[in-house]
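Q: Taken in order, these protein sequences are the chains called A and B.
In this text, residue positions in the first sequence follow the numbering used here: the first is 7, and each later residue adds one.
In this text, residue positions in the second sequence follow the numbering used here: the first is 7, and each later residue adds one.
Sending over a structure as structure tokens; questions will come in a sec.
Protein chains: 2
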Amino acid sequence: MSSNDLSFAAFTGSPGANLPALRGHNAALVLGLLRAAGAEGLSRPELAARTGLTPQAVSKITARLRAEGLAAEAGRRASTGGKPATALRLVPGARHAIGLHLDRDELTAVRTDLAGEAVAVRRAPLAFEAGAEHLLATAAREVTALRADADGAPVLGVGAACPGPLDHTTGVLHRVTGAPRWDGFPLRDALAERLGLPVVLDKDTNAAALGLARDLPRGAGSFGYLHLGTGLGAGLVLGGSLYRGPRTGAGEFGHQTVQWDGPRCGCGRRGCIEALCLAAVARDDLPGAARALGVGAANLVELLDIDRVLLGGRTVLADPAPFLDGVTEALADRARTRGTGTGAPVPVALARGGPRAVADGAAELVLAPLFGTRGGAGAGGAA
Amino acid sequence: MSSNDLSFAAFTGSPGANLPALRGHNAALVLGLLRAAGAEGLSRPELAARTGLTPQAVSKITARLRAEGLAAEAGRRASTGGKPATALRLVPGARHAIGLHLDRDELTAVRTDLAGEAVAVRRAPLAFEAGAEHLLATAAREVTALRADADGAPVLGVGAACPGPLDHTTGVLHRVTGAPRWDGFPLRDALAERLGLPVVLDKDTNAAALGLARDLPRGAGSFGYLHLGTGLGAGLVLGGSLYRGPRTGAGEFGHQTVQWDGPRCGCGRRGCIEALCLAAVARDDLPGAARALGVGAANLVELLDIDRVLLGGRTVLADPAPFLDGVTEALADRARTRGTGTGAPVPVALARGGPRAVADGAAELVLAPLFGTRGGAGAGGAA
DNA sequence: CCACTTAAGCAACGCTGTTGCCAAAGTGCA
DNA sequence: TGCACTTTGGCAACAGCGTTGCTTAAGTGG
Numbered sequence: 007m008s009s010n011d012l013s014f015a016a017f018t019g020s021p022g023a024n025l026p027a028l029r030g031h032n033a034a035l036v037l038g039l040l041r042a043a044g045a046e047g048l049s050r051p052e053l054a055a056r057t058g059l060t061p062q063a064v065s066k067i068t069a070r071l072r073a074e075g076l077a078a079e080a081g082r083r084a085s086t087g088g089k090p091a092t093a094l095r096l097v098p099g100a101r102h103a104i105g106l107h108l109d110r111d112e113l114t115a116v117r118t119d120l121a122g123e124a125v126a127v128r129r130a131p132l133a134f135e136a137g138a139e140h141l142l143a144t145a146a147r148e149v150t151a152l153r154a155d156a157d158g159a160p161v162l163g164v165g166a167a168c169p170g171p172l173d174h175t176t177g178v179l180h181r182v183t184g185a186p187r188w189d190g191f192p193l194r195d196a197l198a199e200r201l202g203l204p205v206v207l208d209k210d211t212n213a214a215a216l217g218l219a220r221d222l223p224r225g226a227g228s229f230g231y232l233h234l235g236t237g238l239g240a241g242l243v244l245g246g247s248l249y250r251g252p253r254t255g256a257g258e259f260g261h262q263t264v265q266w267d268g269p270r271c272g273c274g275r276r277g278c279i280e281a282l283c284l285a286a287v288a289r290d291d292l293p294g295a296a297r298a299l300g301v302g303a304a305n306l307v308e309l310l311d312i313d314r315v316l317l318g319g320r321t322v323l324a325d326p327a328p329f330l331d332g333v334t335e336a337l338a339d340r341a342r343t344r345g346t347g348t349g350a351p352v353p354v355a356l357a358r359g360g361p362r363a364v365a366d367g368a369a370e371l372v373l374a375p376l377f378g379t380r381g382g383a384g385a386g387g388a389a
Numbered sequence: 007m008s009s010n011d012l013s014f015a016a017f018t019g020s021p022g023a024n025l026p027a028l029r030g031h032n033a034a035l036v037l038g039l040l041r042a043a044g045a046e047g048l049s050r051p052e053l054a055a056r057t058g059l060t061p062q063a064v065s066k067i068t069a070r071l072r073a074e075g076l077a078a079e080a081g082r083r084a085s086t087g088g089k090p091a092t093a094l095r096l097v098p099g100a101r102h103a104i105g106l107h108l109d110r111d112e113l114t115a116v117r118t119d120l121a122g123e124a125v126a127v128r129r130a131p132l133a134f135e136a137g138a139e140h141l142l143a144t145a146a147r148e149v150t151a152l153r154a155d156a157d158g159a160p161v162l163g164v165g166a167a168c169p170g171p172l173d174h175t176t177g178v179l180h181r182v183t184g185a186p187r188w189d190g191f192p193l194r195d196a197l198a199e200r201l202g203l204p205v206v207l208d209k210d211t212n213a214a215a216l217g218l219a220r221d222l223p224r225g226a227g228s229f230g231y232l233h234l235g236t237g238l239g240a241g242l243v244l245g246g247s248l249y250r251g252p253r254t255g256a257g258e259f260g261h262q263t264v265q266w267d268g269p270r271c272g273c274g275r276r277g278c279i280e281a282l283c284l285a286a287v288a289r290d291d292l293p294g295a296a297r298a299l300g301v302g303a304a305n306l307v308e309l310l311d312i313d314r315v316l317l318g319g320r321t322v323l324a325d326p327a328p329f330l331d332g333v334t335e336a337l338a339d340r341a342r343t344r345g346t347g348t349g350a351p352v353p354v355a356l357a358r359g360g361p362r363a364v365a366d367g368a369a370e371l372v373l374a375p376l377f378g379t380r381g382g383a384g385a386g387g388a389a
């Protein structure tokens, strides 16, 4: 449909690889390294060393990227005994992406550059339960406003994030809690038609985790993003890429049992971490809520050998300290008693982006394919 | 080191892809499809459809595979209105692999063909705590015996599986429970030198899970393999490939908290699922043990959106029915209360292979790279 | 018997990264 | 100041990948 001449969607779809796929893979790889390097950029020899490609291949690839306007030269490096190298950097403004966070009561829309930095932000009230027309109209209005300011740089597409459950691959909503009429609604296609742009849909927690994964080295590193808002969910980044599970159902962190003879949860079972956590929040016992969260975080770290735990969501952002302390303590306790690996406890931090983490991450749904960041091992096929 | 002329380790190491990597990728892909197709094989047009490659490319690739002796023609298909297609199949006997299960009190060694089917099995008593020389000597004796019977087909290497924790990437053991002297021992390299073959080392649960992953369609499908023996561990297959975590620490299923005010576990914390489960086994309350296992399985399914749960390990194999029933019931209960996705409960089954599951899987550690089966997203890099 | 369909290989081709070579542009020692 | 050395990076020729175009083989069906 849309005029996206960047055919970088390497190794997508069918598993067989041909020359265009090879080219796209390497181009995305180089572009991803340039993005991670930031304004200082990377020299051709450095790119060659990191990719394993020959310097000559890197020269050809970067020449193509420069011709497309995606990369540019950025000064010279100090000499190391020979001709000084030319640094190459990403041209962030060459393309833009739009991220939409469709929350229950508010829409947040951002326009970001290629680096993923937000260059424009808009907010609007939203009543998710009010139905499709209201949502589509609001989204269209905000996206149009964001596009009006763009300085000619093409907008690649729109990433949309909303509370789950939903199916990322088809872009269809399932039973959104508190809004049963949305069940089965093809939100992705509806948005794409209304906005006239390609749309990618995902859960809010997944989008946020994908955005946070920008800080990781390529293809490595893992973390769990725990999101405590009106509910409790998680986004999992394993081996450098977002793990969605076959039905976009991964990250249902809130209904794990941590006290099997505990109080009954809304879901019908007992001792769910979400019930324990939210009950503590309701009685203003934030350390208690953090303890419950910490038990779940420890289970997560233990099961998936995760490097890092990041916290976010409205409830956490309103008063981060007790949550950070409580979860840190739970993981330190785990490190003391078990001491797997180095014995150093897994670090806990507040997720970058604050209240904009989900919207920023939603834009990343569009950008990630350009940089070869696999946003989802396990799409789960038929047959 | 060893003369492995099959350079199919495509896209290994450095992320940059070149023509040999492309070729290796496609060759492994085709070989993997042929393996999955079994004795009936697959025709060239079918391979083309499944890979997305052109029929001509498939012809070239399969011609190379036939020249190497890895594939062969296998009769004709019925005509569909034109020239009948020729079926191609894997030649299972073209190469062999050896799998070693180094358990605390017993060694199981298998020699398998390319299809992963065991063609020879040996067992020997083993005292893991007796130290390196005893272990290496026993392993060398059994491997030599297995190789003696091989009918000239090259043995690609040895996969070795033992109780964790250990580091798959370096092949070094950590603190094996009950045998502290093993801490830091480079078992993989010691075995490789003694046996004169390439060796891959992994946790027993990971090996078993990798072996079981053979039954999945390529690149899709996920399951958790729960192994209840002297301890309780798990192997995770996500998106069709084994997930080890950055430090080979994933799958530490036993020390997840499911009753945070429960009885104290050997690890120092409270309410670990392993403690609850083994205590129930000790008092011959298998349904109780199964219930504890079921709670953990439900947490796992919920968190990772897993397709299937497989059970194994000595304790389960000794009397499978109560465990299958208990875990099935726990997952059915979860499906009733939550009903994520289709609402159908996640199926539970006994892991294929029985007492040989780990040894068979260990051989798969050697075979998997030939077929492009990614045995471990997230090897975790430095920097 | 002949038109049609499907399978599979040969030959030419475009394009990938690679290799060999050389000019450019620095450093560092005499 | 000058010369040897190192490093960068482009040009040109090349090997090898899957692709395209065409031909032959081998069936089905009216």
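Note that CB positions come from ideal geometry on N, CA and C, so glycine has one too.
Spell out the partners DSSP gives Lys209/A in its beta bridges.
A: In DSSP, Lys209/A forms a bridge with Cys168/A.
Q: Counting only Cβ pairs nearer than 7 Å, list the residues of chain B close to Val264/A.
A: Ordered by position in chain B, the residues that pass the 7 Å Cβ test against Val264/A are Thr263, Val264, Trp266.
Q: Indicate whether at least one CB of chain B lies closer than 8 Å to the CB of Asp210/A.
A: It does not; no Cβ of chain B falls within 8 Å.
Q: Can you find at least 3 beta carbon pairs, one from the region 367–374 of chain A and one from the region 207–214 of chain A, that sit closer than 8 Å?
A: As far as the Cβ criterion goes, the region 367–374 of chain A touches the region 207–214 of chain A, which means the pair count is three or higher.
Q: Does DSSP classify Pro131/A as helix, strand or coil?
A: Strand at Pro131/A.
Q: Tell me which same chain residues have a C-beta within less than 7 Å of the C-beta of Gly158/A, skipping the five on either side of it?
A: Cβ within range, chain order: n/a, list empty.
Q: Rounded C-beta distance between Ala156/B and Arg95/B? I'm assuming under 8 Å.
A: Between Arg95/B and Ala156/B the Cβ distance is about 21 Å, and since that is not below 8 Å, they are no contact.
Q: First and last residue of the beta strand (DSSP E) that includes Glu79/A?
A: Per DSSP, Glu79/A belongs to the beta strand (DSSP E) from 77–82.
Q: Does the Cβ of Ala62/B have 16 or more other Cβ atoms within 10 Å, making it buried, or fewer, making it exposed?
A: A quick correction: the sequence has Gln, not Ala, at residue 62/B. Gln62/B is exposed by the Cβ-count criterion.
Q: Under 8 Å, do Val205/B and Val243/B count as touching if we go by C-beta distance?
A: For Val205/B and Val243/B, no; Cβs fall outside 8 Å.
Q: Taking C-beta to C-beta, are Ala167/B and Val364/B nearer than 8 Å?
A: In this structure, Val364/B lies closer than 8 Å to Ala167/B by Cβ.
Q: Please confirm if Glu258/A has its CB atom under 8 Å from at least one CB of chain B.
A: For Glu258/A, the answer is yes, since a Cβ of chain B falls inside 8 Å of its Cβ.
Q: Just tell me which of Glu280/A, Thr114/A, Gly58/A has its CA closest to the CA of Gly32/A.
A: According to the sequence as given, residue 32/A is Asn; it is not Gly. Closest option to Asn32/A, Cα to Cα, is Gly58/A.
Q: Closer than 7 Å, Cβ to Cβ, to anything on chain A: give me those residues from the region 40–66 of chain B, in chain order.
A: From the region 40–66 of chain B, only Thr57, Gly58, Leu59 have a Cβ closer than 7 Å to chain A.
Q: When you compare each of Gly75/B, Asp325/B, Arg56/B to Ser20/A by their alpha carbons, which one comes out closest?
A: It is Arg56/B whose Cα lies nearest to the Cα of Ser20/A.
Q: Under the rule that 16 or more other beta-carbon atoms within 10 Å means buried, what is Lys89/B, buried or exposed?
A: Burial call: exposed.
Q: What number of angstroms, rounded off, separates the C-alpha of Ala126/A from the C-alpha of Gly257/B?
A: If I take the Cα positions, the gap works out to 42 Å.
Q: When the Cα atoms are used, what is the spatial distance from Ile279/A to Leu292/A?
A: In a straight line, the C-alpha of Ile279/A is about 14 Å away from that of Leu292/A.
Q: Would you call the region 318–333 of chain B and the region 172–180 of chain B touching, i.e. three or more CB-CB distances under 8 Å?
A: Judged by Cβ distances under 8 Å, the region 318–333 of chain B makes no contact with the region 172–180 of chain B, as fewer than three pairs qualify.
Q: In this structure, does DSSP put Gln62/A in helix, strand or coil?
A: Helix, per DSSP.
Q: With 8 Å as the threshold, decide whether the Cβ of Ala311/A is near any Cβ in chain B.
A: Just to set this straight, residue 311/A is Asp in the shown sequence, not Ala. Asp311/A counts as touching chain B.
Q: List the residues of chain A that His31/B touches, going by C-beta distances under 8 Å, in chain order.
A: Ala23, listed in chain order.
Q: Return the chain-ordered ranges of every beta strand (DSSP E) run that is complete within the region 207–285 of chain A and spans a minimum of 3 residues.
A: With a minimum length of 3 residues, the continuous beta strand (DSSP E) runs that stay inside the region 207–285 of chain A are 229–234, 238–244, 247–249.
Q: According to DSSP, simplified to helix, strand and coil, what is Arg101/A?
A: In the structure shown, Arg101/A sits in coil (DSSP, three-state: anything other than H, G, I, E or B).
Q: If you measure between the beta carbons of Leu53/B and Val64/B, is that distance less than 8 Å?
A: Cβ atoms of Leu53/B and Val64/B: closer than 8 Å.
Q: Is there a C-beta anywhere in chain B that falls below 8 Å from the one on Gly251/A?
A: Yes, because at least one Cβ of chain B sits closer than 8 Å to the Cβ of Gly251/A.
Q: Classify Ala324/B as buried or exposed, calling it buried when 16 or more other Cβ atoms lie within 10 Å of its own Cβ.
A: Exposed is the call here.
Q: Between the Cα of Thr118/B and those of Thr263/B, Gly318/B, Arg101/B, Thr144/B, spot the shortest distance and give me the residue it belongs to.
A: Cα-wise, what sits closest to Thr118/B is Arg101/B.
Q: Going by DSSP in three states, Ala159/A sits in which element: helix, strand or coil?
A: Coil at Ala159/A, not helix or strand.
Q: Does the distance from the CB of Gly2/B to the CB of Leu222/B come in under 8 Å?
A: A query on residue 2/B cannot be resolved here, the shown segment of chain B reaching from 7 to 389 and no further.
Q: Would you mind reading off the limits of the alpha helix (DSSP H) that contains Thr321/B?
A: Residues 320–324.
Q: 8 Å is my cut-off, CB to CB: does Cys273/A come that close to chain B?
A: So yes, Cys273/A belongs to the interface.
Q: Using a C-beta cutoff of 8 Å, does Arg224/A count as contacting chain B?
A: Closer than 8 Å to some Cβ of chain B, the Cβ of Arg224/A qualifies, so yes.
Q: Return the bridge partner residues of Ala368/B from the DSSP annotation.
A: DSSP lists no partner for Ala368/B.
Q: Using DSSP with H/G/I as helix, E/B as strand and the rest coil, what is Arg181/A?
A: Here Arg181/A sits in coil by DSSP.
Q: Evaluate the contact criterion for the region 20–29 of chain B versus the region 228–240 of chain A: three or more CB pairs, one atom per stretch, below 8 Å.
A: Verdict: no, contact absent.
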